[in-house]
Amino acid sequence: MLLSFADDVALDKYLRRMMRDYSSEDCVNYLLKPLNVLLHEEHSPGSALRKASFHRAVMQQALRDIQAIGRQKAAPLFLEAVSVNDETEIWLEAIRLTGLGFRVEISPQPAAMPAVATRRYEHHFMWCGAGISKTMKRYFQQRLAEGEPIMLCGPDKSEHA
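Per numbering that gives the first Met the number 0, the sequence shown starts with residue 0, numbered consecutively.
Set out below in structure tokens:
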């Protein structure tokens, strides 16, 4: 209901309260991810607006969390989108990871070539929401063989051309 009738400010306030009341992992895994799936499966009137409002709220929460943890000592992590099912899922992962104590730098747009982090990091997560290309898979394997702190994550790590 809130997504249908509330403005972005009210939705943002509600999300901040939820993130304060629950662990980020529980909030993301048991509430926000299922809601994201539901919103993307919905095709009723107003569904595009609800999906857009939800995405904006999630993105703002992730950016707020990233900024807040950036002022703390935390392990730096580079989260790179290799592929996504929807534009919101990588931001949900950023919220989850900051809640686990990582200082996240995010590259949310998938590209044909590897993204470049602007800061040094201890961990590099390559988000595979909808598979991984042969080029990106080779890049991952090369970096792994070189002993770099890199791993594939996300719901679909299978190869897609």
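Note that the Cβ used here is the ideal one computed from N, Cα and C, for glycine as well. In this text the structure is predicted, and so the values were computed from the model without any measurement.
> Taking the DSSP output, what are the residues bridged to L78?
Replying inline: As DSSP reads the structure, L78 sits in a beta bridge with I105, F124.
> Which residues does DSSP pair with I131 in a beta bridge?
Replying inline: Looking at the DSSP output, I131 bridges to E158.
>> Tell me which residue opens and which closes the alpha helix (DSSP H) that M17 is part of.
In response: Taken as a continuous stretch (DSSP letters only), the alpha helix (DSSP H) holding M17 covers 7-20.
>> For C127 and V8, I'd like the C-alpha separation in whole angstroms.
In response: One C-alpha to the other measures close to 31 Å.
> Hey, is the region 128-137 in contact with the region 69-82, meaning 3+ C-beta pairs nearer than 8 Å?
Replying inline: The region 69-82 and the region 128-137 touch, with three or more beta-carbon pairs separated by less than 8 Å.
> Relative to the alpha-carbon of K248, which residue among V115, D20, A111, H122 has its alpha-carbon at the smallest distance?
Replying inline: Only positions 0 to 160 of the chain appear in this structure, which leaves residue 248 out of reach.
> Going straight from the alpha carbon of D6 to that of D64, what length do you get?
Replying inline: For D6 and D64, the distance between alpha carbons rounds to 21 Å.
> If we ignore side chains and look at the alpha-carbon of each, how far apart do Q71 and L78 end up?
Replying inline: Taking C-alpha positions only, Q71 is separated from L78 by approximately 18 Å.
> Given that a residue counts as buried once 16 or more other Cβ atoms are within 10 Å of its Cβ, and exposed if not, what is N35?
Replying inline: For N35, the number of other beta carbons within 10 angstroms of its own is at least 16, and it is reported as buried.
> Is L30 closer than 8 Å to F53 when the C-beta atoms are compared?
Replying inline: For F53 and L30, no; Cβs fall outside 8 Å.
> What is the DSSP secondary structure of M150, counted as helix, strand or coil?
Replying inline: M150 carries a strand assignment under DSSP once its states are collapsed to helix, strand and coil.
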